[in-house]
Amino acid sequence: MSFSEPPCQLKIAALKGVGAKTLERLGRLGLHKVQDLLFHLPARYEDRTSLIPLGSVRQGEHALVEGQVDVADVIAKGRRSLVCRISDGTGFLYLRFFHFTGEQLSRLKPGTHLRCYGEARDGYFGMEMVHPDYQHISGEEVGNITQSLTPVYPLTEGLHQKTLRSLVSRALELCREEQGLLHEWIPGELLSTLALPPLSEAVQLLHEPPAGVGLQRLEQAQQRLAFEELLAHHLSVSRFRAHMRQQSAPVLRLPETVSRQFLGSLPFALTMAQNRVIEEITADLAVSKPMMRLVQGDVGSGKTVVAAWAALAALSSDCQVAFMVPTELLGEQHYRSFSQWLEPLGVQVAYLASKHKGQVRRETLESIADGRAGAVLGTHALFQEEVKFHRLGLIVIDEQHRFGVHQRLALREKGARDGLYPHQLIMTATPIPRTLAMLGYADLDVSVINELPPGRSPVKTSVIPSTRRSEVIARIGDWVKNGRQVYWVCTLIDESEALECEAAENTAAALAGALPNVRVGLVHGRMRQGEKEEVMSLFKSGTVDLLVATTVIEVGVDVPNACLMVIENPERLGLAQLHQLRGRVGRGPGDSFCVLMYQPPLTLTAKQRLGILRDTSDGFVIAEKDLQLRGPGELLGIRQTGQVQFRIADFARDSEMLDQVKATAEALLQRNPEAVEPLLQRWLSDGTRYAEV
Ligand code: ADP
Ligand code: MG
2 MSFSEPPCQL KIAALKGVGA KTLERLGRLG LHKVQDLLFH LPARYEDRTS LIPLGSVRQG
62 EHALVEGQVD VADVIAKGRR SLVCRISDGT GFLYLRFFHF TGEQLSRLKP GTHLRCYGEA
122 RDGYFGMEMV HPDYQHISGE EVGNITQSLT PVYPLTEGLH QKTLRSLVSR ALELCREEQG
182 LLHEWIPGEL LSTLALPPLS EAVQLLHEPP AGVGLQRLEQ AQQRLAFEEL LAHHLSVSRF
242 RAHMRQQSAP VLRLPETVSR QFLGSLPFAL TMAQNRVIEE ITADLAVSKP MMRLVQGDVG
302 SGKTVVAAWA ALAALSSDCQ VAFMVPTELL GEQHYRSFSQ WLEPLGVQVA YLASKHKGQV
362 RRETLESIAD GRAGAVLGTH ALFQEEVKFH RLGLIVIDEQ HRFGVHQRLA LREKGARDGL
422 YPHQLIMTAT PIPRTLAMLG YADLDVSVIN ELPPGRSPVK TSVIPSTRRS EVIARIGDWV
482 KNGRQVYWVC TLIDESEALE CEAAENTAAA LAGALPNVRV GLVHGRMRQG EKEEVMSLFK
542 SGTVDLLVAT TVIEVGVDVP NACLMVIENP ERLGLAQLHQ LRGRVGRGPG DSFCVLMYQP
602 PLTLTAKQRL GILRDTSDGF VIAEKDLQLR GPGELLGIRQ TGQVQFRIAD FARDSEMLDQ
662 VKATAEALLQ RNPEAVEPLL QRWLSDGTRY AEV
């Protein structure tokens, strides 16, 4: 074996006697390198550190025993099985195998010694173990048992526990010979302030814990690994961030007169929070470094107008703005707002919709390329190859969580020109929990709009089983009689858009039948854009009382008179998404209500989740809880992109370490920069590294 490459790159394939099949199965578990084996932690342990005399083995007990084979034979009575009796002078025990080979039988000769581990139960002949783990032992091995707990590893089909155990113990041996494999990159003085064990000690302990090891020591060892993994991620992001900070960007300034003219044209005054965020953005844009700012503000907090203000700063500085939206519906809506706000100031607003083809599309593309179109809106089609900007100064991304993290990073490159990178402003209603913010989003500065425009009251939410559907429908009738409007949201069934639309159609028909005095409208994802627009504008103008919709209304739709929302089968959606939907009501004066009408029975987790939504309207709390119950991937759609995926660290469990991770990262970067690259190599596979810098 050669160590010409860094020890952390050493492949399992380089170990002697590991076959192609085994390698393939290990690969399925993500185990390719020797160090992957070391970081593949046991799911639990078995205590095989004390031998139980056969005479004392009790029913239902997991026991390690040894004995001599008295007799072994195939019994045909009942289900055909191989039965072997062993004894040790204190008693005897039967081993029973329903799957066995002839070779196995022939090796169970009377007089040979066996060591077995399994669960004992009262069998036909006496105490027995079915399919115990067993091995043949020779003279000096008798009674000489391990003093470590036995690890039980997560497996995949075809891979045996025994195989994995022996591979891991070979990897551990290799570590003892070749220190480089688990080289300690965190200086001793840092480690001791953290009260964490050295890496090699932690790894050794987790795979071969001594009998009687306390849970606390195991947890500490695991924390040690999680800590280093989080540290590596943090270093990767910091390095990327430092790299981006070295890039240049155009300086963008909004002249006082234009700002006043714009703000004066709005039918409302900005909230304090909006003003504060605008100040933060102003400061970012005034320096020739690309801004990377995330604006986080609950649904309805007024992010759009803040983005429009930033856009105006770019436009006033002779730059274009790309404004990326997640859906066409929202694109249309923002197009209207932006045209209304910016055109009076002499800005040409363009909307690159996917429905625009041929001549219209060509003209739009031309106006973007020659710079006539100043503000350009669109879905991610905006960043296709054919779209060329004249001088892009700012990219605004609305509702970030719909885009992958990689997409976001790619955008920066796309907009770069003449060595200048565009500024980036990202707006999200899904609060990024602190945990995620520090890792997946650590390259962003965060502004928070923590205030809703005046006159909004929290939505009163109730959780009701669908068996009370007719009550809910009657209540809608009363609401409409009082001149109020209502949303009825049908959620995704079986992940199929077609079925979801069909359900919405059926629901709309049923509701129209049940409520003859109510004007029912319908929008769903399969309708043509024009049709959708028309229904939405009828609802906006009050000509439609009850809007039945699929989740297409999730983002951005604004109808203040609609103050009741019924969501069918809310248990199918994520909390953050439900919170977004609910944000469509509560936009006008007076009380608003949301009815979560679930399909009973609910699982315990589903009950808890809907309870959270009922009890709080704080989007931040909701996101944190959702993270705990569902994990980060689903919340932000990052699992698919493979951006933040940990081997050992766990967001919910390890978030308390993050402050220390950050401090340690800073200390390392200052005092031990040589440790950075090896740590990244150890923990981050290529796919999870931020752009190579
Ligand atoms: P979101 O943050 O969810 O994107 P929007 O930007 O769509 O919210 O704003 C929601 C509604 O509130 C819009 O109708 C917008 O015009 C209005 N709005 C924004 N800021 C204010 C404000 N300061 N006072 C009153 N209404 C505002
Ligand atoms: Mg919005």
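Here my numbering is used: the first residue of the sequence shown is 2, the next is one more, and so on. By construction, the Cβ of each residue, glycine as well, lies at the ideal position given by its N, Cα and C atoms.
Non-local beta-carbon contacts of VAL131 in its own chain, meaning distances under 6 angstroms to residues more than five positions away in sequence, involve ARG97 in chain order. The criterion of a C-beta distance shorter than 8 angstroms is not satisfied by VAL288 and VAL322.
If you compare the alpha carbons of HIS335, LEU393, THR468 and THR380 with that of ASP371, the shortest gap goes to LEU393. Runs of alpha helix (DSSP H) with 4 or more residues, each lying fully within the segment 122-188, are found at 162-178, listed in chain order. Per the coordinates, the alpha-carbon of VAL307 lies some 15 angstroms from the alpha-carbon of MET292. Nearest neighbour of LEU670 by Cα position, chosen from GLU386, TYR154, TRP186 and GLY90, turns out to be TRP186. In the three-state reduction of the DSSP assignment, LEU94 falls in the strand class. Taking 8 angstroms as the cut-off, the beta carbon of PHE40 is found no closer than this to the beta carbon of VAL662. Here MET428 is buried: its Cβ has 16 or more other Cβ atoms, across all protein chains shown, within 10 Å. Leaving aside the five residues that flank LEU38 on each side, the residues in its chain whose CB is nearer than 7 angstroms to its CB run, in chain order, ILE13, LEU32, LEU168, VAL169 and ALA172. Taking 8 angstroms as the cut-off, the beta carbon of LEU547 is found closer than this to the beta carbon of VAL521. In this structure the segment 574-582 does not lie against the segment 500-510, because fewer than three pairs of beta carbons, one per stretch, are closer than 8 angstroms. Its chain contains SER249 as the residues whose beta carbon lies nearer than 7 angstroms to that of GLY420, once the 5 sequence neighbours on both sides are disregarded; these appear in chain order. In the DSSP assignment, ILE427 falls within the beta strand (DSSP E) that extends over 424-429. Beta-bridge pairing by DSSP links CYS595 to THR462 and MET566.
Taking a contact as a CB-CB distance under 8 angstroms, the pair ARG683 and CYS9 counts as one, their CB atoms being some 5 angstroms apart. Along the segment 254-307, the alpha helix (DSSP H) occurs as fully enclosed runs of 4 or more residues at 257-266 and 273-286, listed in sequence order. By the criterion of a C-beta distance shorter than 8 angstroms, ALA203 is surrounded in its chain by LEU197, GLN221, ALA222, GLN223, ARG225 and LEU226, once the five residues flanking it on both sides are discounted. In the structure shown, ILE474 falls within a helical segment according to DSSP collapsed to helix, strand and coil. Where LEU236 is concerned, the enclosing alpha helix (DSSP H) starts and stops at 216-246. A direct Cα-Cα distance of roughly 11 angstroms separates THR552 from TYR488. Between the C-alpha atoms of PRO459 and LEU200 there is a straight-line separation of about 49 angstroms.
About 6 angstroms separates the Cβ atoms of HIS114 and VAL143, confirming a contact at the 8 angstroms cut-off. For HIS525, no alpha helix (DSSP H) run applies, since DSSP gives it neither H nor E. Segment contact: the segment 86-94 against the segment 156-164, fewer than three CB-CB distances shorter than 8 angstroms; contact not assigned. Judged by DSSP secondary structure, GLN60 falls outside any beta strand (DSSP E); it is assigned neither H nor E.
Listed in chain order, the non-local C-beta contacts of VAL622 below 8 angstroms within the same chain comprise ILE613, local neighbours out to five positions each way being set aside.
For the 8 angstroms CB-CB criterion, VAL473 and VAL549 do not form a contact.
Nearest to CYS564 by alpha-carbon distance, out of GLN530, VAL536, ASP479 and LEU271, is ASP479. For the set GLY140, PHE594, VAL70 and ARG81, the Cα lying nearest the Cα of ARG108 is the one of VAL70. For GLN334, there is no enclosing beta strand (DSSP E); the residue is part of the alpha helix (DSSP H) that begins and ends at 329-343. Close CB contacts of LEU574 within its chain, under the 7 angstroms cut and outside five residues either way in sequence, are with THR492 (chain order). The beta carbons of VAL449 and ARG615 sit no closer together than 8 angstroms. Here the distance from the Cβ of LYS356 to the nearest heavy atom of the ligand MG is not below 7 angstroms. Not one heavy atom of the ligand ADP falls within 7 angstroms of the beta-carbon of VAL560.
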